[in-house]
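**Q** Structure incoming, see below.
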Amino acid sequence: TILTDKWRDASTNLDPKHSNGYLTATGTGHWLKLQILKARYGLLYNAKLKKLYGRGGDGNCPICRTCSKEGPITDSGAHILGGCAHPTMKGMYINRHNQATRLIAECLHNGRHGGGLMIMDAGKTDNLPQYCHGTRIPGWMLPHLTKEEISCLRPDILFIPTLALWKTKNRHYRGPQDKKQHVAYIIEVGYTGDLQHTEKLKQKMEQHAKLKEELTKAGWTVCYNDAQIVTLGATGTLPKSLTPMLCQLGVHPEQALRTSQNIHQQTVDMAGTIIRTRRVMENPNK
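This is how it looks when you write it as structure tokens:
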């Protein structure tokens, strides 16, 4: 089938073990395993399939028809797991993203460079772990920009392993003299369709081109390439580049593998939560 061919082509860039860990995970029930398989092969029940099966309806998402600015949107498994405009669904997508970002940040913190400067835009400032400087890039990193301009540059994680976090928390701190000696790693996390990792990679690369340019202009050495962009499939597929990237930034290989496994599992669990919530919302009287 067409989908089988697409999966074969996509598999060259996916981590086979961790992308399919749910199949052997003892904590993942049979219902959820079946939903993941259905979603991966276009069989997760939705309004479009309902119409195709002759069960009525117009094929559009039944819960976000009044939320989307574009009007009614054709329903699909991908729409359910990542494209619905309903506030409840969008809230779950954001929560899923923030959880994955935090798992990566925690992994880096527990690595060899755990005391380095880390900025993380995942959740509210009040809920940030102590090892994070904040959710926004500090002004001393980009002194040539205004506060408003800096606030528009929001990477999921900005990590400078060689710059001690404790130094930067001093309110009088103005940055190191030798900025070029410190590599600023921009790490971006993005959920996408399991067969659309390549498209998401290109989108994310363009997203922070401006930030990379401004950091370079300010004198920093910046690292932002394919390896620092973590594309995650909505049913738990992971790129092969994730584990090596974590190891490159000082994480022990076993910890990097465990983090990949945890991200996969939390994604699968969130997929189950999203699907269950959608079923309740589309059948409010049941």
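Each residue of the sequence shown is one higher than the one before, starting from 121 at the first, in this note's numbering. In this text, a Cβ means the ideal position worked out from N, Cα and C, and glycines have one as well.
(1) Please classify I270: does DSSP put it in a helix, a strand, or coil?
(2) Can you name, in chain order, every residue of its own chain whose Cβ lies under 7 Å from the Cβ of P182, other than the five neighbours on each side?
(3) Can you tell me which residues form a DSSP beta bridge with Y305?
(4) For P263, which three-state DSSP category applies?
(5) How is I200 classed by DSSP in three states: helix, strand or coil?
(6) Three-state secondary structure (DSSP) at E359?
(7) Just to confirm before moving on: does the CB-CB distance between L352 and T318 stay below 9 Å?
(8) Nearest to L315 by alpha carbon, out of L362, T208, R396, A354?
(9) May I have the straight-line CA-CA distance separating T245 from C252, to the nearest angstrom?
(10) Taking its Cβ as the centre, do 16 or more other Cβ atoms sit within 10 Å of Y311, making it buried, or is it exposed?
(11) Excluding the 5 residues flanking K330 on each side, which residues of the same chain have their C-beta closer than 8 Å to its C-beta?
(12) Could you spell out where the alpha helix (DSSP H) holding T336 opens and where it closes?
(13) Can you say whether Q297 is buried or exposed, counting buried as having 16 or more other CB atoms within 10 angstroms of its CB?
**A** In this structure, then:
(1) helix
(2) A167, E402
(3) F279, C343
(4) coil
(5) helix
(6) Reading the sequence as shown, one finds Pro at residue 359 and not Glu. Strand, per DSSP.
(7) no
(8) A354
(9) 10 Å
(10) buried
(11) L273
(12) 329 to 337
(13) exposed
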